[in-house]
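Sequences listed follow chains A and B, in order. According to our numbering, the stretch in the first sequence is residues 924 to 1431, in order. According to our numbering, the stretch in the second sequence is residues 924 to 1431, in order.
There are 2 protein chains.
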Amino acid sequence: MAAPSDLDSLRERLREMDDLQAAASLLHWDQNTYLPRRGAASRGRHLATLERLLHERRVDPELRRTLERLERRSPELGELERDLLRVVSRDVERAARYPASFMVTITEHAAASFEAWGRAREEADFALMAPLLERTVELSRQYASFFPEADHLADPLIDDADEGMSVAALRPLFAHLRAALLPLVEAAIAERGEAGSQPALPLASVQEAAQMRVALRLASALGYDLDGGRQDLALHPFAIRIAQGDVRITTRVDPTDLAEALFSTLHEAGHAMYEQGLSAELNGTSLASGVSAGIHESQSRLWENLVGRSRGFWRYALPIVQRTFPELGHLDEEAAHRSVNQVRRSLVRTEADELTYNLHVIIRFDLELELLEGRLAVTDLPEAWRERYQRDLGVAPQDHLEGVLQDVHWFSGFVGGAFQGYTLGNVLSAQFFEAARSAIGDLDEQFAAGTFAPLHAWLREHVYAYGRRLPPAELVERATGRALSVEPYLSYLRDKYAPNLAREAASK
Amino acid sequence: MAAPSDLDSLRERLREMDDLQAAASLLHWDQNTYLPRRGAASRGRHLATLERLLHERRVDPELRRTLERLERRSPELGELERDLLRVVSRDVERAARYPASFMVTITEHAAASFEAWGRAREEADFALMAPLLERTVELSRQYASFFPEADHLADPLIDDADEGMSVAALRPLFAHLRAALLPLVEAAIAERGEAGSQPALPLASVQEAAQMRVALRLASALGYDLDGGRQDLALHPFAIRIAQGDVRITTRVDPTDLAEALFSTLHEAGHAMYEQGLSAELNGTSLASGVSAGIHESQSRLWENLVGRSRGFWRYALPIVQRTFPELGHLDEEAAHRSVNQVRRSLVRTEADELTYNLHVIIRFDLELELLEGRLAVTDLPEAWRERYQRDLGVAPQDHLEGVLQDVHWFSGFVGGAFQGYTLGNVLSAQFFEAARSAIGDLDEQFAAGTFAPLHAWLREHVYAYGRRLPPAELVERATGRALSVEPYLSYLRDKYAPNLAREAASK
């Protein structure tokens, strides 16, 4: 019987790829934390080489033949092996669509574009980026051409990040969400007033180490395992799984506002807890990873917002924060909770509050579709951006830095596929939270007592442990008993930000 | 003409290997600095996989054929290419001696032994290590068996680290050195008194960050380029080249003695300056590395001892040190210089002073030869160790922690080949320094003025820039005008530590 040896061979190949991936992840982590300035040039080459070796292994005909033989014996295999087979076959099939040379081209272009973006930002100069962005749009279209069956040019990129999603599914979802959010923002500001741009948790002096320490302490209280992780500074915070037992977070510190370090840490810890919660049996295989951008973001946002900005959490966290920062002693629970939940129509996505955040995302999603479809020229992008911000948020950027140059995504990879995950994540965060609350009971009371383990355990069991075993849609269905829906999210936002509107809606 | 395309293919292969090596180096650096506890297990596997991929590439028959074709066209090649061909051919020839499976065996055994060593140290228990060390001796002998032409079982391992060296060459050299050092230590202690175990630069409180900062500042003054490097904490300090523009050092801090951080930093900066000084044209090839353990150590010891423990250096450094640590304000230049140059017959190699250091190394060198030759059983090692320490240094370990368990080398790799480089380095440090001084003039005066660039430039031109282009012996000859000799070193030690003896010797 050939099956066991084919399985062994498959697992051996995947383990080697996992080891290469671990090395690539560490190179990437280091690039964003500790890499000396002069080491930057060669780092891109190291990463490109590992990417090439990974791609070679993915498209190795011998791997394909092994998969085909296993496919034919699928009924003999266990459930885990069948899930593995499905996922590896999908990865192989997608990797085989494009030649290795295309990957080299896009990697090199992305590195050049990223480097230019750094310079363009110094002078808030979009003209410097326009030709590079045009090339990026062209390469993104070329990527789509490797998937001729796709309905929309963005679909292959979206499907890479959020399996099963498409422009056809997202457009109505986002339109519905936008239509609900616009009046909700109005109502919230009418009820609560609009915040200024002052710090949410103001500090008088730079206390970088103390800020990081208290933020990490709270992340650890939520369930981020420090024996299998660590926290470092980075300009653009991220979480990264290097291997089992090694899932790291990075944090940004604002010297005058604790909220920056605190919420960026809780956010990244949410991503990290997902990866730390993968079932050990997935190790060394393609299943050992979060399943999609949207599901990943649902966990970072759930821990950051539904936990970290809840009333119960602040009853627990405020005394801890105040012990380290006595200057925040004037805040009571009510004031602290209000302070970290202010609403403001602003220009920068990463600084946006929970309520306006998705409007930023939907603007980018819509504009990137227009770019791909050729309905918007790159040179007209800043003006289109300005119009949409004026229309949806009532504000307009003074310069490109608070406009089109603010996000790294279009300047370090493809145009398309990178933004929808943020909003899918927000939407799903409430859907998962609602399901967990139905199962566990009053979470706010638990949070107030510093008890986060029941929620963590529920998420581990229903989301984290699976890794990539279930496609995102099936994972959502199984965990929450229903398909993805914006209703739990809108109802959460209404209850929290516009209770009067919520009551009106309920009494209708 | 096939030569250019063979050269291109060779360079492409070497570049890929260099990229894999960079990834392995970063994994190694991280393993010793920031790796979370739970990540330790999989890290060994990542490193083993990269080592295997590197080995596969080294023994690839296609590479061998390319080298053979280039060999035949050698007269058409430039000098750099011919040097490259020689070095790569040597690497390939040596790697092809053993099967990949042997490398996996020794790597796994080394990892298990290293892990056990950590536990054995906690309980100062040699019995725990004895069976593992026996296996290490066996594997070291097996390694030697792949080089049947070697005169001594240790020769292949010595030749790996210090090309061209052998037991036959080292035994008389070390015997001569030992015979000269034993009375020199006596004389120095008679002239200067023997130091106690008190700190050389005592600090009252833990000031880790300040210690690291001042040490790094001085390393940077010597010429360590911080734009292409960085400093982190590690239990066992090391320097590591990850790539061009990325050569890092690590440092150990003793809370009560600045000398630990200071001299470990200067030592590792010496290693790093060597790697930072490689000619840019060597990048991405097998030539881009220090040429041997001995030459490498000569540079760490030169900057640590011949510069960092010199009178001139302390005239320059003391005010800088005292600005950060006013509690050292009671020291004058004379006292500081004396304090960092105390002589003491001690038990621990890494804490030994310049004068006794090589006696520690020679004990290890002699004992490992006896182990390999089967003249000493592993179980008798502690007693043999004890006898030699009693004989050469007049002290005997109270436990295995200050005895046979102190060094990681025998417990994390082979027995053989790891120690001779330290003493070769000490010997060569003085030989290079003497040659530089002949060329440049009074270095001590320059050091006192904080001027280290002329020495650095001389070393870069005569040592660093070459990388592996010249075999060690040829490099020494070209740079110093003579073959390796212990005389410059003994004369340096005599002048510094036993001037009366030196005068007597001169007047005879």
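Where a beta carbon is used, it is the ideal one built from N, C-alpha and C, also for glycine.
key: Where the beta strand (DSSP E) containing L1316 of chain B begins and where it ends   = Run containing L1316 of chain B: none in the beta strand (DSSP E); it sits in the alpha helix (DSSP H), L1304 to L1316.
ask   = Whose Cβ in chain B lies nearer than 8 Å to the Cβ of Q1154 of chain A?
value = Ordered by position in chain B, no residue passes the 8 Å Cβ test against Q1154 of chain A, which lies about 11 Å from the chain.
request  = Could you give the DSSP three-state label for P1125 of chain B: helix, strand or coil?
outcome  = strand
request  = Using a Cβ cut-off of 8 Å (strictly closer), state whether R995 of chain A contacts chain B.
outcome  = no
task = Assign V982 of chain B to one of three DSSP states: helix, strand, or coil.
result = coil
ask   = If you drop the 5 nearest sequence neighbours on each side, which residues of the same chain put their C-beta closer than 6 Å to that of K1419 of chain A?
value = none
Under 9 Å from the C-beta of E939 of chain A: neighbouring residues of chain B = T972, R975 and L976
ask   = Anyone know if the C-beta pair for E1357 of chain B and P1411 of chain B falls short of 8 Å?
value = yes
ask   = In the region 1153-1230 of chain B, which residue ranges form an unbroken alpha helix (DSSP H) of at least 4 residues, counting only runs that do not cross its ends?
value = 1181-1199 and 1216-1224
request  = Put V1266 of chain B into one of helix, strand or coil per three-state DSSP.
outcome  = coil
ask   = From the beta carbon of G967 of chain A, is the nearest beta carbon of chain B less than 8 Å away?
value = no
request  = Leaving out five residues on either side along the sequence, give the residues of the same chain with a beta carbon under 6 Å from the beta carbon of E1131 of chain B.
outcome  = V1176
Chain-ordered neighbours of D1150 of chain A on chain B, where CB pairs are closer than 7 Å = P959, R960 and R961
ask   = What runs of the alpha helix (DSSP H), each 4 residues or longer, lie entirely inside the region 934-1017 of chain A?
value = 963-981 and 984-995
inquiry  = Once DSSP output is grouped into helix, strand and coil, what is the label at G1458 of chain A?
reply    = Residue 1458 of chain A lies beyond the range of chain A shown here (924 to 1431); nothing can be said about it.
ask   = Of the choices A:Y1389, A:D1367, A:T1403 and A:L1347, whose alpha-carbon is the least far from that of A1084 of chain A?
value = A:L1347
ask   = Using CA coordinates, which residue listed in B:L1210, B:D1148, B:V1137 and B:L930 is at the minimum distance from P1242 of chain B?
value = B:V1137
request  = Have a look at A:L1229, A:Y1389 and A:M1052 and flag the residue whose alpha-carbon is nearest the alpha-carbon of S1414 of chain A.
outcome  = A:L1229
ask   = Just how far apart, CA to CA, sit E1257 of chain B and A1067 of chain B?
value = 50 Å
query = Using 8 Å as the Cβ pair cut-off and three pairs as the minimum, do the region 959-969 of chain B and the region 1161-1173 of chain A touch?
reply = yes
task = Determine, using beta-carbon pairs with one atom in the region 1269-1276 of chain A and one in the region 1322-1330 of chain A, whether at least three such pairs fall under 8 Å.
result = yes
query = Shorter than 8 Å from the beta carbon of A1388 of chain A to some beta carbon of chain B?
reply = no
query = With 16 other CB atoms within 10 Å as the buried threshold, where does P1095 of chain A fall?
reply = exposed
task = Determine the closest residue to R1268 of chain B out of B:P1106, B:N955 and B:H1032, with distance taken between C-alpha atoms.
result = B:P1106
inquiry  = Whole angstroms are fine: how far does the CA of A1023 of chain B sit from the CA of D1180 of chain B?
reply    = 45 Å
query = Which value, in whole angstroms, describes the spacing of the CA atoms of A1092 of chain A and L977 of chain B?
reply = 46 Å
task = Return the first residue and the last residue of the alpha helix (DSSP H) that T1247 of chain A is part of.
result = R1234 to T1247
query = What is the rounded straight-line gap between the Cα of E1183 of chain B and the Cα of L1225 of chain B?
reply = 17 Å
inquiry  = Can you check which of these residues, A:Q1154, A:E1384 and A:A946, is closest to G967 of chain B by C-alpha distance?
reply    = A:A946
ask   = Hey, is A964 of chain A's beta-carbon within less than 8 Å of any beta-carbon in chain B?
value = yes
query = Can you tell which of B:R1246, B:A1157, B:S1335 and B:E1204 has the C-alpha that lies nearest to the C-alpha of D1006 of chain B?
reply = B:E1204
ask   = Can you tell me whether DSSP reads T1059 of chain B as helix, strand or coil?
value = helix
message = Buried or exposed for S1215 of chain A, going by 16 or more other Cβ atoms inside 10 Å?
response = buried
key: Residues that D949 of chain B contacts on chain A, provided the C-beta gap is smaller than 9 Å   = According to the sequence provided, residue 949 of chain B is Leu. The question's Asp does not apply to it. Going along chain A in sequence order, the residues near L949 of chain B (Cβ under 9 Å) are A946, L949, L950, D953 and H969.
query = How is the alpha helix (DSSP H) around Y1420 of chain B delimited, first residue to last?
reply = E1410 to Y1420
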